[in-house]
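The block underneath contains the structure these notes are about, expressed in structure tokens.
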Amino acid sequence: MNLDAKIPSGPIAEKWDKHRFNLKVVNPANKRKYKVLVVGSGLAGASAAASLAELGYDVDCFCFQDSPRRAHSIAAQGGINAAKNYQNDGDSIYRLFYDTVKGGDYRAREANVYRLAQVSNNIIDQCVAQGVPFARDYGGLLANRSFGGAQVSRTFYARGQTGQQLLLGAYSALSRQIGAGKVKMHARTEMLDLVLVDGHARGIVTRNLVSGKIQSWAGDAVILATGGYGNVFYLSTNAKGCNVTAAYRAYKRGAGFANPCFTQIHPTCIPVSGDYQSKLTLMSESLRNDGRVWVPAEGGDKRAAGDISEAERDYYLERRYPSFGNLVPRDVASRAAKKACDEGRGVGETGLGVYLDFADAINRLGEDQVRARYGNLFHMYEKITGENPYQVPMRIYPAVHYTMGGLWVDYNLMSNVPGLHVLGEANFSDHGANRLGASALMQGLADGYFVIPYTIGDYLATSSGDKVSTEQQEFKDAEAQANQQVDKFLSIGGKRSPDSFHKELGKIMWEYCGMARNEAGLKTALEKIPALREEFWENLSVPGSGADFNTTLEKAGRVADFLEFGEMMCNDALLRTESCGGHFREEYQSEEGEALRDDENFCHGAIWEYSGAGNAPTRHREELEFEYVKLTQRSYK
Amino acid sequence: MNLTLKVWRQSGPQDKGKIVDYAVKDINSHMSFLEMLDVLNEELIAKGEEPIAFDHDCREGICGSCSMMIDGIPHGPDRGTTACQLHMRRFKDGDVVYVEPWQAKAFPVIKDLVVDRSAFDRIIQSGGFVSINTGNAQDANALPVNKDSAEAAFDAAACIGCGACVAACPNASAMLFVAAKVSHLGKLPQGQPERAKRVQSMVSTMDTEGFGSCTNTFECEAACPKEISVTNIAQMNRDYMQSSLGD
Amino acid sequence: MSWVRKTVASTIGAKFIVALTGIVLVGFVIGHMLGNLQIFLGQDALNNYAQMLHNTPALLWSARLVLILSFFAHIGFTIKLTRQNRLARPQTYAYQQSIQAPTSSRTMIFSGLLVLSFVIYHLLHFTLGVTHPEHKSLVDSMGRPDVYSMVVLGFQNIWVSLSYIVAIILLGLHLSHGVSSLWQTLGLNHVKYNTFIKASGPVLALTLVAGNLSMPVAVLLGFLSLPLGVV
Chain R
0 MNLDAKIPSG PIAEKWDKHR FNLKVVNPAN KRKYKVLVVG SGLAGASAAA
50 SLAELGYDVD CFCFQDSPRR AHSIAAQGGI NAAKNYQNDG DSIYRLFYDT
100 VKGGDYRARE ANVYRLAQVS NNIIDQCVAQ GVPFARDYGG LLANRSFGGA
150 QVSRTFYARG QTGQQLLLGA YSALSRQIGA GKVKMHARTE MLDLVLVDGH
200 ARGIVTRNLV SGKIQSWAGD AVILATGGYG NVFYLSTNAK GCNVTAAYRA
250 YKRGAGFANP CFTQIHPTCI PVSGDYQSKL TLMSESLRND GRVWVPAEGG
300 DKRAAGDISE AERDYYLERR YPSFGNLVPR DVASRAAKKA CDEGRGVGET
350 GLGVYLDFAD AINRLGEDQV RARYGNLFHM YEKITGENPY QVPMRIYPAV
400 HYTMGGLWVD YNLMSNVPGL HVLGEANFSD HGANRLGASA LMQGLADGYF
450 VIPYTIGDYL ATSSGDKVST EQQEFKDAEA QANQQVDKFL SIGGKRSPDS
500 FHKELGKIMW EYCGMARNEA GLKTALEKIP ALREEFWENL SVPGSGADFN
550 TTLEKAGRVA DFLEFGEMMC NDALLRTESC GGHFREEYQS EEGEALRDDE
600 NFCHGAIWEY SGAGNAPTRH REELEFEYVK LTQRSYK
Chain Y
0 MNLTLKVWRQ SGPQDKGKIV DYAVKDINSH MSFLEMLDVL NEELIAKGEE
50 PIAFDHDCRE GICGSCSMMI DGIPHGPDRG TTACQLHMRR FKDGDVVYVE
100 PWQAKAFPVI KDLVVDRSAF DRIIQSGGFV SINTGNAQDA NALPVNKDSA
150 EAAFDAAACI GCGACVAACP NASAMLFVAA KVSHLGKLPQ GQPERAKRVQ
200 SMVSTMDTEG FGSCTNTFEC EAACPKEISV TNIAQMNRDY MQSSLGD
Chain P
0 MSWVRKTVAS TIGAKFIVAL TGIVLVGFVI GHMLGNLQIF LGQDALNNYA
50 QMLHNTPALL WSARLVLILS FFAHIGFTIK LTRQNRLARP QTYAYQQSIQ
100 APTSSRTMIF SGLLVLSFVI YHLLHFTLGV THPEHKSLVD SMGRPDVYSM
150 VVLGFQNIWV SLSYIVAIIL LGLHLSHGVS SLWQTLGLNH VKYNTFIKAS
200 GPVLALTLVA GNLSMPVAVL LGFLSLPLGV V
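Same order as they appear, the protein sequences are chains R, Y and P.
Residue numbers are given in numbering that gives the first Met the number 0: position 243 of the first sequence equals residue 242, and the series is strictly consecutive.
Residue numbers are given in numbering that gives the first Met the number 0: position 23 of the second sequence equals residue 22, and the series is strictly consecutive.
Residue numbers are given in numbering that gives the first Met the number 0: position 41 of the third sequence equals residue 40, and the series is strictly consecutive.
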């Protein structure tokens, strides 16, 4: 497997400029002769499709939702980082770069992250020009806030709906190109396979979710911007439709999958209330600025919160981390909550929750002030739980939120399969083992607006230029396989729905490959997953036909891939015998219970190569070199 | 609690469609409305029947996918709430609840509760944008925007494109949706160069798509999960007539 | 001139015309009521007013022309829009429910059409004198057409009065939504003024209903009676 990251030489601040000059460009008159297939229409996909069409490429864009505007980027709340330093508080490209590498627990490539920090400023300019209504001060200039524990105020935001506004900006740019006839949009169309011709990614196979038609599309390059795989846990803050299918089927065609075990758990979500639970809802991290986290000091204490006296409470974050208190990073806060619940001190009916208490804040600031700061969040909490957080403490519990792992890409965002480019959460490139708050939106847009428009030209200009046709055997074979799979799902005739398998898989993943992992647990999961998969193929029930709108059939395909992918994830977690960022191995912790990295042996990306059905995949490594950032142990004491 | 659901079942665009009754039992009041449908669908699949098709995705009230009339009101009885954020504690044991798709000529039913809202996309494609190519932007702070205008623009931009306004309107009019975008960009300096052209082409597309007209019943505003104001419609009327009668 | 065709063909342009013509018609209804209320000043005042109108045919006919054009435009465009609106929802809901819309706003076409049929009757009655030709030929002591007696005689018939009362209430219903709503169509909606805008319809409608109903009611209750000499 060729894992040359193609990082340009020279000082880090000059790499991108130099590289842009060295990249081949496609003559403007020739651009329209190149067809680019973009899969996904979230921040990364929409911005890429729009920007490439503006340049003159012939673009086809695909999304499984009914409209490109619905991609799950829309749900991001907090904001987007940029190194503008508008606040004059000492921010810089270098500081954003440094913070991102450090926040990622030193498992990301320096050069990629530096470029991300560089283009972050262009993103804000671009979005404002599109009419994104960012928050502003009375002088009419952009407002910033500090977010996710950052020491500078570099986060731009649009109330609690930054993702929505940025996505609508990208969607408007995409819509403009669709209206101009330069992008052909295919909504309600799901990618089922990647087609390689002579080793290059030259097309995809899709299923039209309304008509059921399976169809091939040929192009000169393929871009996957298909998001993360957090739904392997079934319950996550991802949208219900989020899936790993496009990325996983690309993996099965030879693309390397990097660091699948790197998943981010967000500490402040509304706890699960019952078996019927279909998804988890995030509550903004900002709540921890004023809320105090606690559980009863004694296990099994089932009294109402108000009946438990101060002396009988354990404010465990404040106790364990006196200097950061309730504001410790996401992974630390999440694990501490899990620990408290594992000790039997969890609250709520399920015992899987901890209190986030605003009583002190209300006493100190008054209810009005608290309402002004968090009114919308309190309202949302009450809507979902039926409890009034002004009177009783909120209950929160960590939930899967983001996945740092993804398809391996080089500096040009191209995977090891020539022509296959991967953007946004679907790739592994910038966040290492842990993503900082307000960086996901930044990365999606950086990739789509400001990286791929340059780098794809280099690939196209140096590729053979031969046209392929969907009549070729490679396409016909892939279509036949997709059709066979649909027929298979419909013919099993078992008893269980795809969702029921998905739920069971999710429980295994959460139990053994969730917030904290250990060897024994991962090995258990590696026994349970294949058994579940076996049952899936024997006892699945998919009513209806393949020739029309059939949501059960859609889910079956996605769950089938999750059932294979979950195994790869556990393998990755098993072999990474260190704790770093979102990957916490219980065997590798300090005496105080903090994560212990092993830079000696694991300062690398782990890239998995498919070796055919039934064979164990091969693990490759991309060694990471740190020239600018000093590797240190994080401490929040 | 136990409920009787009266659900619109329609196998495809050509099918006439009808209301079918379902008894759902032992519903937990903490469930969301969609989770209650999930439970019913699991039962249907176990019986080998086709589940009720409905659009949904983020289930946190922001993507705009979910779209169903619950007892004749888009997204159900709670104001400012999408169907995915409606919880069963809002209902009581023994209730009979009607669940229907959005009905409008411009939103043809695909299956059961799923409708085709691509008309909204085509309206945006006809002008709901600022024509700025990637890379052309000046520094973000080079253009100050009055805070009140920015806030008002945001209020309009909060639209999630779910189509509840159309579903609620006695005339199946899309005025609130179109006005929200016209007004969002119209209130910002970035939107000024194309202001007249934008409103003209968006309204023209809206009319061609077969939506009805506005009779100022303001049902749209009442049904809107993001509580977009009808003042945006007034602004669009003004912008449209100004651009028609003026230069 | 294609811009005219385009604007008129658009739903917003059509609504704009309906609103503008509505203003003309509301203006007429107000003027008409104020003129008629002179009945309370006595036979001389009302007949004098009627005579004055008839002695200035240029003014009368130009006003009538604007009125007739507005009238047909108002109705024509409304019917066109209503047909479009019906087509926009071919399949209605099994469960019909509205959230807050007042009945008046949902029944504009019906109240409007009923008012229209009344207007036709009204013209036949007073303007053209078709329904009661014997009232039309009355003259007062000064030789003027005796409008006063014509009105009183008309309203002394309980059925005539009742039809007026019903029609005026329908008109009130129509205007209570129509007047508040036309501001919105003309693009005038602002939080600062919305209290007035919202109130404008109901206030105007109530005023018109009260003013117009006062006449048949006064006749029926005997406050207004025929002058001596008219039988």
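Just so it is clear, CB atoms sit at the ideal spot from N, CA and C, and this is done for glycine as well.
Note to self: Taking a contact to mean a Cβ-Cβ separation below 8 Å, would you say arginine 618 of chain R touches alanine 605 of chain R in this structure?
What the structure shows: yes
Within the segment 102-156 of chain Y, note down every full alpha helix (DSSP H) run reaching 4 residues or more, in order along the chain.
-> 117-124 and 146-156
With distances taken between CB atoms, is the gap from valine 190 of chain P to isoleucine 38 of chain P smaller than 8 Å? no
Self-check item: Unbroken beta strand (DSSP E) run spanning glutamate 99 of chain Y, endpoints
Solution: 95-99
Note to self: Just verifying my parser: in three-state terms, what is the DSSP assignment at tyrosine 675 of chain R?
What the structure shows: This structure cannot settle anything about residue 675 of chain R, because the visible part of chain R is limited to 0 through 636.
- prompt: Is the shortest distance between the beta-carbon of proline 143 of chain Y and the beta-carbons of chain R less than 8 Å?
  reply: yes
Pair every Cβ in the segment 198-212 of chain R with every Cβ in the segment 20-27 of chain Y, then say whether three or more of these pairs are closer than 8 Å. no
Q | N- and C-terminal bounds of the beta strand (DSSP E) containing asparagine 433 of chain R | A | Here asparagine 433 of chain R belongs to no beta strand (DSSP E), and DSSP marks it neither H nor E.
Starting from the C-beta of tryptophan 182 of chain P, find all residues in its chain whose C-beta is less than 8 Å away, skip the five residues before and the five after it, and write them out in chain order.
-> Asn188, Ile196 and Ser199
Q. With a cut-off of 8 Å, does the C-beta of proline 201 of chain P fall near any C-beta of chain Y?
A. no
### Query
In chain order, what residues of the same chain lie with their CB nearer than 6 Å to the CB of phenylalanine 36 of chain R, ignoring the 5 residues before and after it?
The sequence shown places leucine at residue 36 of chain R, not phenylalanine. Answer for leucine 36 of chain R: Asp59, Ile203, Trp216, Gly218 and Val221, listed in chain order.
Using three-state DSSP, classify valine 118 of chain R as helix, strand or coil.
helix
Please return the same chain residues whose Cβ sits closer than 6 Å to the Cβ of valine 95 of chain Y, not counting the five positions on each side in sequence. Thr3
Exercise for the section: Taking aspartate 246 of chain Y as the query, report the chain P residues whose CB atoms sit under 8 Å from its CB, ordered along the chain. Expected result: Within chain P, no residue comes near aspartate 246 of chain Y; the closest Cβ sits about 11 Å away, beyond 8 Å.
Answer with yes or no whether the minimum CB distance from methionine 107 of chain P to chain Y is below 8 Å. yes
Would you kindly report the start and end of the unbroken beta strand (DSSP E) that includes phenylalanine 61 of chain R? 57-61
Quick one: does threonine 550 of chain R have its CB under 8 Å from some CB of chain Y? yes
In this structure, how does DSSP classify leucine 2 of chain Y when only helix, strand and coil are distinguished?
strand
field: Host beta strand (DSSP E) of threonine 402 of chain R (start-end)
entry: 393-402
- Going by DSSP, what residues sit across from leucine 195 of chain R in a beta bridge? R/Ala200
Just tell me which of R/Gly253, R/Ile73, R/Tyr105 and R/Asn87 has its CA closest to the CA of glutamine 160 of chain R.
R/Ile73
Can you tell me whether DSSP reads phenylalanine 561 of chain R as helix, strand or coil? helix
Name the DSSP beta bridge partners of lysine 17 of chain Y, please?
-> Y/Arg8
message: Counting only Cβ pairs nearer than 9 Å, list the residues of chain Y close to phenylalanine 15 of chain P.
response: Asn236, Tyr239, Met240 and Ser243
Worksheet item: Which of the three DSSP states, helix, strand or coil, is assigned to arginine 370 of chain R?
Response: helix
Just to make sure I have the definition right: I need the residues of chain Y whose C-beta is within less than 7 Å of the C-beta of alanine 172 of chain R. Which are they?
Phe128
Worksheet item: Taking DSSP as the reference, what is the three-state secondary structure of glutamine 83 of chain P?
Response: helix
Check your understanding: For chain Y, is any of its Cβ atoms less than 8 Å away from the one on isoleucine 451 of chain R?
Key -> no
Subject >> Inter-stretch contact at 8 Å, needing at least 3 Cβ pairs: the segment 53-72 of chain R / the segment 398-416 of chain R >> reply: no
Next on the checklist: Relative to the C-alpha of serine 462 of chain R, which candidate in R/Val416, R/Gly505, R/Ser50 and R/Leu489 has its C-alpha closest?
Outcome noted: R/Val416
Exercise. Using 10 angstroms around the beta-carbon of tryptophan 2 of chain P, count the other beta-carbons present and answer buried if the total reaches 16, otherwise exposed.
Key: exposed
Original post:
Where does serine 247 of chain Y fall in DSSP's three states?
Top reply: Residue 247 of chain Y lies beyond the residue range present for chain Y, which begins at 0 and ends at 246; the question has no answer from this structure.
* **Residues of its chain near alanine 152 of chain Y, where Cβ-Cβ distance is below 7 Å and the 5 sequence neighbours each way are ignored** => His183, Lys186 and Leu187
| Which listed residue (R/Lys83, R/Gln263 and R/Glu297) has its alpha carbon closest to that of serine 152 of chain R | R/Lys83
Looking at the strands, I want to know which residues DSSP matches up with methionine 413 of chain R.
R/His420
Just to confirm, is the Cβ distance from glutamate 99 of chain Y to alanine 93 of chain P under 8 Å? yes
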